[in-house]
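Using the numbering used here, you'd call the opening residue of the sequence shown number 752 and step up by one each time.
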Amino acid sequence: MKIDGTRSNDRATEVVLAYYAAFNRGDWAGMLALLDEQVVHDLNQGPREVGREAFAAFLGRMAASYREQLRDIVVMASPDGHRAAAEYVVQGEYLASDAGLPPARGQKYVLPGGAFFTIRNGRIQRVTNYYNLEEWISQVG
């Protein structure tokens, strides 16, 4: 199927793919530009954070401790384009110890993950991330 941007689900798919393309480039400003000002971010096995500023702080924490690339990204969107889901494989390196997690020593990891999105007016209003934390710990521990 060619994504031509004329259908709502195509536009939602394009927003999510642009979000992940910015992530893979390390383009935090590009990611933030795709988010609603009051974006809701549900962290995997963590708290809910609200707002673009909170998301920017999260990206700062991630950049300090991890180097990651997402591969094999598949995006699915509802027909109305208001919800989307993505599945991917994270290829990463644990650079600096993160609070409450094992010590970092440059360990590499490969881990499947996924996310759910709410999209309104061409911006991401919610992103909920999932991955298997126990599997990640077994790879870096």
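Beta carbons are placed, not taken as given, at the ideal position from N, Cα and C, and that holds for glycine. Computed from a prediction, not measured in an experiment: that's the story for all the values here.
Of all the options the options, which has the alpha carbon lying nearest to the alpha carbon of residue i?
i, options, result
"Asp898", "Thr879, Gln858, Ala814 and Asn760", "It is not possible to answer for residue 898, since the shown part of the chain is limited to 752 through 892."
"Ile888", "Tyr770, Gln858, Asn872 and Asn775", "Gln858"
"Val891", "Ala828, Ala763 and Leu852", "Leu852"
"Val841", "Arg877, Asn775 and Pro830", "Asn775"
"Ala763", "Ala772, Pro830 and Ile824", "Pro830"
Give every residue of the same chain whose Cβ lies closer than 6 Å to the Cβ of residue i, excluding the five residues on either side of it in the sequence, and list them in chain order.
i, result
"Gly843", "Tyr817, Glu819 and Tyr860"
"Ser848", "Pro854 and Ala855"
"Phe867", "Ala836 and Thr879"
Could you check how far apart the C-beta atoms of residue i and residue j are, in whole angstroms? I think they sit under 8 Å.
i, j, result
"Ala836", "Gly811", "Their Cβ separation, rounded to whole angstroms, is 26 Å, which puts Ala836 and Gly811 out of contact at 8 Å."
"Arg828", "Asn872", "Sequence check: residue 828 is Ala here, not Arg. Wrong, their Cβ atoms sit about 15 Å apart, outside the cutoff."
Is the beta carbon of residue i less than 8 Å from the beta carbon of residue j?
i, j, result
"Tyr845", "Leu821", "no"
"Leu783", "Arg874", "no"
"His792", "Ala805", "yes"
"Leu862", "Val826", "no"
I'd like the list of long-range same chain contacts for residue i, defined as Cβ closer than 7 Å, with 5 residues on each side in sequence excluded.
i, result
"Gln789", "Val801 and Gly802"
"Asp823", "Tyr839 and Val840"
"Thr869", "His833, Arg834, Gln876 and Arg877"
"Gly781", "Ala773"
So does residue i have its beta carbon nearer than 7 Å to some heavy atom of the ligand ATP?
i, result
"Gly843", "Because no ligand of any kind appears in the structure shown, any question about the ligand ATP cannot be addressed here."
- Message: If contact is defined by three or more beta carbon pairs under 8 Å, each pair taking one atom from either stretch, is the segment 791 to 802 in contact with the segment 873 to 885?
- Response: Counting Cβ pairs under 8 Å, three or more are found: they touch.
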